[in-house]
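So, in structure tokens, the structure goes:
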């Protein structure tokens, strides 16, 4: 029914007959609905049936919701990183897409029921996407860009940069969980019979026994002075927002209630701004009714209030305390659970309290998707993602020993491996010249490629025992090394233990790639999904020839005037452990 009402509310005002006003409803006589829609709609209603049996055993069938079934709703991606990545071996990457904005990618290899999978988590400006992809379904092992395309076809970047900051996981989990709130504030409005305006409901100063009983069900009555918990904007030092309030802790979440009758009352102020300034700035509010009387959602003028839970006290013939419940929210607020039963009548008790508090929290989360709050959330998320990207970028470059002047070189493709390598060799050559070493080219042995190194590392010319060492490492993801010396690279090499790095360093390359195959169609330009054949392992000659970069270096060795021949060592670990190559010159 509420969906039908919501669809009608999107029509123009002149295209449908207005709903009856609250005064027209009151003139019709009892019984009254708990909620009536504004004359021109704009709200949906849940829980319109409150029919009760007059007496008999049927009263035992009234809903008493089990607290174990009441679930708190939140962004399903908010805790994925903490649950599946944090504290486990994984790799993080960052990139800047011209259309999608800043991107942060998390990659984890995991086994589920004996099957190898890639667990991917991609954060973008618009949303966070994730998937668990069986490796057996990939035609080849993807690099970081291809992994991102598996989650979002619109990704259009040349490369992702690896995150090298040891504490990056704490920054990432803080971003992911920024949408999770542990503090809530809700308004509580006391409406007496026949009250139809906000001036009337905000002017109530006395509390009925039924209202006090309901407040005791919600939480504890606390003294605001020097209160240490979540205060919800109330004054806890000077007493300017009253002396008492209602507070509770529900499943680790602190809730402060802004009770209309507990907030300061100002004589002569018809609008009671001291009360409205707090309740009017809440997103969700409870309306408590002692007697059968209707409530209209637009009765309270507020840009923030988007959802109301109307609770009406009812006593049956045996004197049991029951509560009728209806919920209303603006049209652009998605439906939220737990759903109200039919009839929407509850017995007083802890189960009803659990249901009510969960419904309030879920209502606020759902209101964040309304147009007004969604725009604010989008701006907040965009700003936080930009901050995360910049922090990861700065920290990673700092770990690599890159000065601020090297940043432009990385982005523009300059200052890469060849530039640093030549600079190192040039410095070594000049150093040898000053020592009076002549005829280096005649004495220098011819460089040859080993067919296959026995161990990973560096094959040295044993005749060279001393001298300054210049170390240059292949930059991951196609980047330059910055200052190529052992003080920069040596501390970093132990961190490069993750198994995916070289395939990310050479875009489009991976150990499991079939030479004749091309990407097949799965999700547009992403990796094809089909049964992959047994991985082809290259022979020594084929393996070395695959790295044309090394061949060029060796071919130009004489021109570089290196005093010792260069050797390359690559260690292939597992089918999903690409080699990490290091070039050394002594």
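Numbering (UniProt numbering), first residue to last: 1 to 586. Where is the CB? At the ideal position from N, CA and C, for every residue including glycine.
- In the three-state reduction of the DSSP assignment, residue 102 falls in the strand class.
- A contact between stretches requires three or more CB pairs, one per stretch, nearer than 8 Å, and the stretch 177 to 195 meets this requirement with the stretch 68 to 79.
- CA-CA distance, residue 303 to residue 372, rounds to 9 Å.
- Proximity of the stretch 330 to 339 to the stretch 365 to 379 meets the contact definition, three or more beta-carbon pairs being nearer than 8 Å.
- Note: residue 183 is bridge-paired with 254 in the DSSP secondary-structure output.
- Sequence-distant partners of residue 384 (beyond 5 residues in either direction) whose C-beta falls short of 8 Å from its own C-beta, in its chain, are 175 and 178.
- Distances from the CA of residue 190 to each of 133, 242, 352 and 258 were compared; the closest alpha carbon is that of 258.
- Within its own chain, the residues whose Cβ lies closer than 6 Å to the Cβ of residue 298, once the five positions on either side in sequence are excluded, are 38, listed in chain order.
- Sequence-distant partners of residue 78 (beyond 5 residues in either direction) whose C-beta falls short of 7 Å from its own C-beta, in its chain, are 176, 177, 179 and 180.
- Excluding the 5 residues flanking it on each side, residue 301 has same chain C-beta neighbours closer than 7 Å at 198, in chain order.
- Residue 129 has 122 as its beta-bridge partners, per DSSP.
- Here the C-alpha atom of residue 336 lies approximately 30 Å from the C-alpha atom of residue 171.
- The criterion of a C-beta distance shorter than 9 Å is not satisfied by residue 151 and residue 126.
- Non-local C-beta neighbours of residue 133 in its own chain, meaning closer than 7 Å and more than five positions away in sequence, comprise 117, 118, 120 and 150, ordered along the chain.
- Under the Cβ criterion (8 Å, minimum of three pairs), the stretch 378 to 398 counts as touching the stretch 99 to 114.
- Considering only 350, 146, 216 and 212, the residue with the shortest C-alpha distance to residue 290 is 212.
- The residue from 80, 205, 36 and 161 with its alpha-carbon nearest to that of residue 308 is 36.
- Scanning its chain for C-beta atoms nearer than 7 Å, with the 5 sequence neighbours on each side dropped, one finds around residue 282 the residues 185, 186, 187, 258, 304 and 305, in chain order.
- Per DSSP, reduced to three states, the secondary structure at residue 391 is helical.
- For residue 140, there is no enclosing beta strand (DSSP E), as DSSP marks it with neither H nor E.
- In this structure, the CA atom of residue 233 is about 12 Å from the CA atom of residue 275.
- For residue 350, the enclosing alpha helix (DSSP H) has its first and last residue at 350 to 367.
- Exclusion of the five residues before and after residue 338 leaves 65, 69, 70, 71, 355, 358, 359 and 362 as the residues of its chain whose Cβ lies within less than 8 Å of its Cβ.
- Non-local C-beta neighbours of residue 195 in its own chain, meaning closer than 6 Å and more than five positions away in sequence, comprise 201, ordered along the chain.
- Around the Cβ of residue 315, a 10 Å sphere holds fewer than 16 other Cβ atoms; the residue is exposed.
- About 6 Å separates the beta carbons of residue 340 and residue 325, which is inside the 8 Å limit, making them a contact pair.
- Residue state for residue 46 is assigned as strand, using DSSP reduced to three classes.
- In this structure, the alpha-carbon of residue 31 lies about 38 Å from that of residue 253.
- DSSP places residue 169 within a helical segment (H, G or I) once states are collapsed to three.
- A Cβ-Cβ distance of about 23 Å is found for the pair residue 244 and residue 271, leaving them out of contact under the 8 Å criterion.
- Per DSSP, residue 347 is not a residue of any alpha helix (DSSP H); the beta strand (DSSP E) it occupies stretches across 345 to 347.
- Under the three-state reduction of DSSP, residue 94 is assigned to strand.
- In the three-state DSSP reduction, residue 207 falls in the coil class, being neither helix nor strand.
- The beta carbon of residue 210 lies closer than 7 Å to those of 290 and 313 in the same chain, with the five residues before and after it left out.
- Note on residue 34: 16 or more other CB atoms within 10 angstroms of its CB, so buried under the neighbour-count rule.
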